[in-house]
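Chemist:
Protein chains: 2
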Amino acid sequence: MSKEESGAVTLEQIVSLCKRRGLIFPGSEIYGGLAGTFDYGPLGLALKKNIENLWWRMFVDMRDDMYGIDAAILMNPKAWEASGHVSGFSDPLIECSNCKNRFRADHLEDSNVCPSCGKTGTLGAPRQFNMMFATKAGASEDDSATVYLRPETAGGMFVNFKNIVDSFHPKLPFGMAQIGKAFRNEIAPREFLFRVRELEQMEIEYFVSEQDWEAAFEAWRSGMHAYAKALGLPTDQLHELNVEAEDLAHYSKRTIDFEFDYPFGRRELWGLAYRTDFDLGAHQSGSGQKLEYLNEETGEKFLPHVIESSFGVGRTLLAVLASAYREDELGGEKRVYLALDPKVAPIKAMVSPLLKNKPELVEKAKDIRTELQKVHPAIAWDDNGNIGKRYRRQDEIGTPFCITIDFDTLGETPELKDTVTLRHRDTGDQERVSIAEAAGRIRQAIS
Amino acid sequence: MSKEESGAVTLEQIVSLCKRRGLIFPGSEIYGGLAGTFDYGPLGLALKKNIENLWWRMFVDMRDDMYGIDAAILMNPKAWEASGHVSGFSDPLIECSNCKNRFRADHLEDSNVCPSCGKTGTLGAPRQFNMMFATKAGASEDDSATVYLRPETAGGMFVNFKNIVDSFHPKLPFGMAQIGKAFRNEIAPREFLFRVRELEQMEIEYFVSEQDWEAAFEAWRSGMHAYAKALGLPTDQLHELNVEAEDLAHYSKRTIDFEFDYPFGRRELWGLAYRTDFDLGAHQSGSGQKLEYLNEETGEKFLPHVIESSFGVGRTLLAVLASAYREDELGGEKRVYLALDPKVAPIKAMVSPLLKNKPELVEKAKDIRTELQKVHPAIAWDDNGNIGKRYRRQDEIGTPFCITIDFDTLGETPELKDTVTLRHRDTGDQERVSIAEAAGRIRQAIS
Numbered sequence: 230m231s232k233e234e235s236g237a238v239t240l241e242q243i244v245s246l247c248k249r250r251g252l253i254f255p256g257s258e259i260y261g262g263l264a265g266t267f268d269y270g271p272l273g274l275a276l277k278k279n280i281e282n283l284w285w286r287m288f289v290d291m292r293d294d295m296y297g298i299d300a301a302i303l304m305n306p307k308a309w310e311a312s313g314h315v316s317g318f319s320d321p322l323i324e325c326s327n328c329k330n331r332f333r334a335d336h337l338e339d340s341n342v343c344p345s346c347g348k349t350g351t352l353g354a355p356r357q358f359n360m361m362f363a364t365k366a367g368a369s370e371d372d373s374a375t376v377y378l379r380p381e382t383a384g385g386m387f388v389n390f391k392n393i394v395d396s397f398h399p400k401l402p403f404g405m406a407q408i409g410k411a412f413r414n415e416i417a418p419r420e421f422l423f424r425v426r427e428l429e430q431m432e433i434e435y436f437v438s439e440q441d442w443e444a445a446f447e448a449w450r451s452g453m454h455a456y457a458k459a460l461g462l463p464t465d466q467l468h469e470l471n472v473e474a475e476d477l478a479h480y481s482k483r484t485i486d487f488e489f490d491y492p493f494g495r496r497e498l499w500g501l502a503y504r505t506d507f508d509l510g511a512h513q514s515g516s517g518q519k520l521e522y523l524n525e526e527t528g529e530k531f532l533p534h535v536i537e538s539s540f541g542v543g544r545t546l547l548a549v550l551a552s553a554y555r556e557d558e559l560g561g562e563k564r565v566y567l568a569l570d571p572k573v574a575p576i577k578a579m580v581s582p583l584l585k586n587k588p589e590l591v592e593k594a595k596d597i598r599t600e601l602q603k604v605h606p607a608i609a610w611d612d613n614g615n616i617g618k619r620y621r622r623q624d625e626i627g628t629p630f631c632i633t634i635d636f637d638t639l640g641e642t643p644e645l646k647d648t649v650t651l652r653h654r655d656t657g658d659q660e661r662v663s664i665a666e667a668a669g670r671i672r673q674a675i676s
Numbered sequence: 230m231s232k233e234e235s236g237a238v239t240l241e242q243i244v245s246l247c248k249r250r251g252l253i254f255p256g257s258e259i260y261g262g263l264a265g266t267f268d269y270g271p272l273g274l275a276l277k278k279n280i281e282n283l284w285w286r287m288f289v290d291m292r293d294d295m296y297g298i299d300a301a302i303l304m305n306p307k308a309w310e311a312s313g314h315v316s317g318f319s320d321p322l323i324e325c326s327n328c329k330n331r332f333r334a335d336h337l338e339d340s341n342v343c344p345s346c347g348k349t350g351t352l353g354a355p356r357q358f359n360m361m362f363a364t365k366a367g368a369s370e371d372d373s374a375t376v377y378l379r380p381e382t383a384g385g386m387f388v389n390f391k392n393i394v395d396s397f398h399p400k401l402p403f404g405m406a407q408i409g410k411a412f413r414n415e416i417a418p419r420e421f422l423f424r425v426r427e428l429e430q431m432e433i434e435y436f437v438s439e440q441d442w443e444a445a446f447e448a449w450r451s452g453m454h455a456y457a458k459a460l461g462l463p464t465d466q467l468h469e470l471n472v473e474a475e476d477l478a479h480y481s482k483r484t485i486d487f488e489f490d491y492p493f494g495r496r497e498l499w500g501l502a503y504r505t506d507f508d509l510g511a512h513q514s515g516s517g518q519k520l521e522y523l524n525e526e527t528g529e530k531f532l533p534h535v536i537e538s539s540f541g542v543g544r545t546l547l548a549v550l551a552s553a554y555r556e557d558e559l560g561g562e563k564r565v566y567l568a569l570d571p572k573v574a575p576i577k578a579m580v581s582p583l584l585k586n587k588p589e590l591v592e593k594a595k596d597i598r599t600e601l602q603k604v605h606p607a608i609a610w611d612d613n614g615n616i617g618k619r620y621r622r623q624d625e626i627g628t629p630f631c632i633t634i635d636f637d638t639l640g641e642t643p644e645l646k647d648t649v650t651l652r653h654r655d656t657g658d659q660e661r662v663s664i665a666e667a668a669g670r671i672r673q674a675i676s
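Going down the list, the protein sequences come from chains S and B.
Just so you know, we're using our numbering here: the first sequence kicks off at 230 and counts up by one.
Just so you know, we're using our numbering here: the second sequence kicks off at 230 and counts up by one.
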């Protein structure tokens, strides 16, 4: 039964697989959890790192016009006053006087009937609720300063714009990039990794002269599609939504939402926005520091304009999982597998001796594993249970290759000496290849 | 003038280099900063990632008994009640009634005289000051829950102990590892990266049967020295301090502080502690969830004991920088360079055409750089100014190799075709090698 035959994957299936196989757990689970937080286990962390490293390599390492930074989560509150977050980063909130549940006013379909308890006339007036987490820094309650956990990583880049210019003297256009945590006190965290209170972002601020914004915007649009392709996201599940002029934020002249068909509907995955010189202008006013860029050839000084591309890591990971989830039947048995691109798969290959109680097989298999770990460290070992069960366990976590060492590998059939069984995840097909060939296949698949 | 001749490096020299060359900036600098926070620029971030990746590879990737996780920073507050942090993670604080400055009571040499304004009899009684940052999660001020930013990454591992056991069925001994941010509302952040409010930790909780604790403790002690060696930290600046029985935390039966000779004195760098079954016991009581481990062979159930090794990333990075900082004289000119181990150096090599206005040189140099980026992406390009200045710029950020392409590379002297000048950072020595040889030297130095 293919995925198409069995119907689309549900969010519950993904959540269950993530928990069962150690990808992602609810945060603080033994204490009953903490809404909107998740803890990544070994395989989820490996998947997340692969998604982030692919992004960093494509958009930072392999370019000469990008400056990666890692700014602090706690920032001087004046930065969030200048950016408008203190006054404006808020959701309108409505409470039901009967059941005490709260709802986002802009999500309510009927402002007369409580969607939770069903009573009419119990919903109050909307109140603005700032989504930034506040805390106090300093030695006592009385005189300490209120600071905020950053609600987005972008701010950390704008406040370091001058540092990058002063230290590296980059020529326009150039960009800054950052991967890091951000925090939003969401009223109703939901849909697993989709709407959370502690999130991870990958963001790029690309600085250009005003007249160059359209070309840069198009280049980043292409870049985002190239990244989607590298991740293995199916193009037919990814959609561009051109935000209409009347819906644009006041500072933006063009925005594209990249939307993805999640199990729970089409939702925003990534964003691309031309933000004019709004951000640098706001921080220049707020800080009193000149943030102008000097064109050394013309002597011209001006505030660069910016193209921002913004990627939620959790949303990306959820899209990767949802699009890779498959159920089929193999050898007469149902199976679940993740058709992950080998570049993002947590484990690249599993090595296994056919029998665990034959020391010569085990020893040879260990040697081969060590050899393959020179290609990539994420080569798993499994000698537990029969070989079919080992394959299924790897299928479920998306391992593209399984390599089995048997007596022929040791030379029992002389012409098969130093060959192994290479088994492919998606088809279950097996072939006999040399050890060097197996290493080459892994290398090719992940590069 | 060698480092020895010029005297030890000062903290000011390191801070200045970090700012000037884009390694590390004060947090929110354009807004006057935020005490105890720092922002990493491109080169500081690369150095930090190399330090972390080396740790992760040595202690997680290349072992089969380690489970890496990435838990949320916001945790259910009950976890910190159970661990004792809510009641006990505090410093005694004393205020001067004259100058209003506050001091840690345990740091005051004379409790009668204010060390700031010098007045006598103005210091008040000590007050306990909890160092955890608190915030509110939830939809309104009234009923939202107080949650804490984790003060250490360890807690995220203990609360996931059961998840790891249930998903992976590891056999004892096994460990959990995590790299992530932690937050401490230090009364007096100081000494650059040494005492900060937002820090990054690398921690390992290694679970053993009680009778095996001493062997595991010794193994981790060796592992920590091996890591110090891999980082290039000089053994004569690293010291073990065996914490005396009367100074041990109540749950610890043995603790070693690894201390380092920083420019500002000998201070704690890393910690190694045998913590008995205190942590799992506390979380078992606090959560009401059974955290016992079942030995499937004997049927025995028990709480594993734990060896914790804890590494501050910022303190490690500062030790690496301080021990690598050198001043000498080369070619009649003073220079500053960082004698970083190539494994941790932010840039592995710089490639440069001898002249920037000769297209054939530039093209060849670019081809060679692309070739070398297959060895490692961090191969810089510099064609700015004269070649001596380019070398000095790389020296200052610790780039181990510079590779210069000239007309001989293009075949002007036929027997030198496809050879380059390979220049060594520490000595300034230059040699003529083939392109393949240059690639091999880089590969060897970083592996």
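Glycine is no exception: its CB is placed at the ideal position from the N, C-alpha and C atoms.
1) Leaving out the 5 sequence neighbours to the left and right, which residues in its chain are closer than 8 Å to B/L639 when beta-carbon positions are compared?
2) Looking only at C-alpha atoms, which of S/P492, S/E526, S/S676 sits nearest to S/F244?
3) Between B/Y566 and chain S, is there a C-beta pair that is closer than 8 Å?
4) Would a check of beta-carbon distances place B/I626 closer than 8 Å to chain S?
5) Going along chain S in order, which residues have a C-beta closer than 9 Å to the C-beta of B/H512?
6) Determine contact between the segment 353 to 363 of chain B and the segment 268 to 278 of chain B, defined as no fewer than three beta-carbon pairs at a distance below 8 Å.
7) My parser needs the beta strand (DSSP E) runs of 3 or more residues fully inside the segment 348 to 408 of chain B; what are they?
8) Along the chain, where does the alpha helix (DSSP H) that runs through S/K581 open and close?
9) If you draw a straight line from the C-alpha of B/R419 to the C-alpha of S/G367, how long is it?
10) Nearest chain S C-beta to B/D611 closer than 8 Å, yes or no?
11) With DSSP as the reference, label S/E338 as helix, strand or coil.
12) Could you check whether the Cβ of S/A308 sits closer than 8 Å to any Cβ belonging to chain B?
13) Distance cutoff 8 Å, beta carbons only. Does B/A366 sit that close to anything in chain S?
14) Would you report the Cα separation of S/A383 and S/I634, rounded to the nearest angstrom?
15) Taking the straight line between their C-alpha atoms, what separation do you get for S/F630 and B/I393?
16) Can you find the residues in the same chain that come closer than 8 Å, C-beta to C-beta, to B/D624, ignoring five residues on each side of it along the sequence?
17) Can you have a look at S/Q673 and say buried or exposed, based on whether 16 or more other CB atoms are within 10 angstroms of its CB?
18) Since B/V580 and B/I632 are thought to touch, with beta carbons under 8 Å apart, how far apart are those beta carbons, to the nearest angstrom?
19) What is the DSSP secondary structure of B/H605, reduced to helix, strand or coil?
20) If you measure beta-carbon to beta-carbon, which residues of the segment 376 to 404 of chain B are closer than 8 Å to chain C?
21) I'd like to check one pair, B/T266 with S/A406: are the Cβ atoms closer than 8 Å?
22) If you follow the alpha helix (DSSP H) that B/I616 is part of, which residue opens it and which one closes it?
23) Tell me, please, whether the segment 385 to 405 of chain S touches the segment 502 to 513 of chain S by the rule of three or more beta-carbon pairs shorter than 8 Å.
24) When DSSP labels each residue in this structure, what does S/L546 get in the three-state scheme?
25) Identify, in the order they occur along the chain, each residue of the same chain with its Cβ nearer than 7 Å to the Cβ of B/R250, setting aside the five sequence neighbours on each side.
26) How many angstroms separate the CA atom of S/S514 from the CA atom of S/L532?
27) In the DSSP output, which residue or residues are listed as bridge partners for S/M287?
28) Measure from the alpha carbon of B/L352 to the alpha carbon of each residue in B/C346, B/T375, B/V376, B/I323, then state which is nearest.
29) I'd like to know whether the C-beta of S/T545 is nearer than 8 Å to at least one C-beta of chain B.
30) Report the residues of the segment 292 to 308 of chain S with a CB closer than 7 Å to any CB of chain B, ordered along the chain.
31) For B/G256, write down the residues that DSSP places opposite it in a beta bridge.
32) In this structure, does DSSP put B/V472 in helix, strand or coil?
33) Using a Cβ cut-off of 8 Å (strictly closer), state whether S/N414 contacts chain B.
34) Given that B/Y269 touches chain S, what residues does it touch there, using C-beta distances under 7 Å?
35) Anything in chain S within Cβ reach of B/R652, meaning under 7 Å, just list it in chain order.
36) Check the Cβ-Cβ distances between B/A363 and every residue of chain S, and say whether any is below 8 Å.
Modeler: Walking through what the data contain:
1) To locate residue 639 of chain B, count along the second sequence from 1; it is residue 410. Setting aside the 5 residues that flank it on each side, B/L639 is surrounded in the same chain by E589, L590, K593, K646, each with a C-beta closer than 8 Å to its C-beta; the list follows chain order.
2) As a working note, residue 244 of chain S is residue 15 in the first sequence. Contrary to the premise, residue 244 of chain S reads as Val rather than Phe in this sequence. Closest option to S/V244, Cα to Cα, is S/P492.
3) For this step, residue 566 of chain B is matched to residue 337 along the second sequence. Judged by the 8 Å Cβ criterion, B/Y566 is not in contact with chain S.
4) Taking the second sequence and counting its residues from 1, the one referred to as residue 626 of chain B is at position 397. Not one chain S Cβ lies under 8 Å of B/I626.
5) Locating residue 512 of chain B in the second sequence gives position 283, where the first residue counts as 1. In chain order: I259, Y260.
6) no
7) 356 to 359, 363 to 366, 374 to 378
8) On the first sequence, position 352 is the one that residue 581 of chain S refers to. Looking at the sequence shown, residue 581 of chain S is not Lys but Ser. Where S/S581 is concerned, there is no enclosing alpha helix (DSSP H), although the beta strand (DSSP E) it sits in stretches over 578 to 582.
9) What you label residue 419 of chain B is simply residue 190 of the second sequence in a count that begins at 1. What you label residue 367 of chain S is simply residue 138 of the first sequence in a count that begins at 1. If you take the alpha carbons of B/R419 and S/G367, they lie about 13 Å apart.
10) The count along the second sequence starts at 1 and reaches residue 611 of chain B at position 382. For B/D611, the answer is no, since every Cβ of chain S falls outside 8 Å of its Cβ.
11) Taking the first sequence and counting its residues from 1, one reaches residue 338 of chain S at position 109. The answer is coil: DSSP assigns S/E338 none of H, G, I, E or B.
12) Here residue 308 of chain S corresponds to residue number 79 of the first sequence, with the count starting at 1. Under the 8 Å criterion on CB atoms, S/A308 is classed as interfacial with respect to chain B.
13) Taking the first residue of the second sequence as position 1, residue 366 of chain B is located at position 137. True, the Cβ-Cβ gap to chain S drops below 8 Å.
14) For the purposes of this step, residue 383 of chain S is taken as the residue at position 154 of the first sequence. For the purposes of this step, residue 634 of chain S is taken as the residue at position 405 of the first sequence. Spanning the two alpha carbons is a distance of roughly 50 Å.
15) Here residue 630 of chain S is taken as the residue at index 401 of the first sequence, counted from 1. Here residue 393 of chain B is taken as the residue at index 164 of the second sequence, counted from 1. So the two alpha carbons sit approximately 24 Å from each other.
16) Indexing the second sequence from 1 puts residue 624 of chain B at position 395. Taken in chain order, the residues that qualify are R564, V565, Y566, L567, R654.
17) Against the first sequence, residue 673 of chain S aligns to sequence position 444. Exposed, because fewer than 16 other Cβ atoms sit within 10 Å of the Cβ of S/Q673.
18) Locating residue 580 of chain B in the second sequence gives position 351, counting from the first residue. Locating residue 632 of chain B in the second sequence gives position 403, counting from the first residue. About 5 Å; that satisfies the 8 Å criterion.
19) Numbered from 1 along the second sequence, position 376 holds the residue referred to as residue 605 of chain B. DSSP places B/H605 in coil when its eight states are reduced to three.
20) The chain inventory of the structure shown lacks chain C, comprising the protein chains S and B.
21) As a working note, residue 406 of chain S is residue 177 in the first sequence. As a working note, residue 266 of chain B is residue 37 in the second sequence. No, they are not a contact pair.
22) In the second sequence, the residue the question calls residue 616 of chain B occupies position 387. Looking at the DSSP string, the run of the alpha helix (DSSP H) that includes B/I616 is 616 to 625.
23) With a cut-off of 8 Å, the segment 502 to 513 of chain S and the segment 385 to 405 of chain S count as touching, because enough Cβ pairs lie within range.
24) Sequence index remark: in the first sequence, residue 546 of chain S carries index 317 (1-based). It is helical.
25) The count along the second sequence starts at 1 and reaches residue 250 of chain B at position 21. Closer than 7 Å at Cβ, skipping near neighbours: L272, E625, I626.
26) Counting from 1 along the first sequence, the entry for residue 514 of chain S is found at position 285. Counting from 1 along the first sequence, the entry for residue 532 of chain S is found at position 303. Approximately 12 Å, taken between the alpha carbons.
27) The residue you call residue 287 of chain S lines up with position 58 of the first sequence. Answer by DSSP bridge pairing: none, since S/M287 is not bridged.
28) Within the second sequence, numbered from 1, the residue matching residue 352 of chain B stands at position 123. For the residues B/C346, B/T375, B/V376, B/I323, the minimum Cα distance to B/L352 belongs to B/I323.
29) Position 316 of the first sequence, counted from the start, is the residue given in the question as residue 545 of chain S. Closer than 8 Å: no.
30) D293, Y296, G297, I298, D299, A300, A301, I302, L303, M304, N305, K307, A308
31) As a first step, residue 256 of chain B must be located in the second sequence, where it is residue number 27. BP columns for B/G256 are empty, so no partner.
32) Locating residue 472 of chain B in the second sequence gives position 243, where the first residue counts as 1. Looking at B/V472 - three-state DSSP - the assignment turns out to be coil, as it is neither helix nor strand.
33) Locating residue 414 of chain S in the first sequence gives position 185, where the first residue counts as 1. It does; some Cβ of chain B falls within 8 Å.
34) To locate residue 269 of chain B, count along the second sequence from 1; it is residue 40. Correct list: I298, D299.
35) Taking the second sequence and counting its residues from 1, the one referred to as residue 652 of chain B is at position 423. For B/R652, there are no neighbours in chain S by C-beta distance under 7 Å, as the nearest C-beta there is about 21 Å away.
36) Translated into the one-based positions of the second sequence, residue 363 of chain B becomes position 134. True, the Cβ-Cβ gap to chain S drops below 8 Å.
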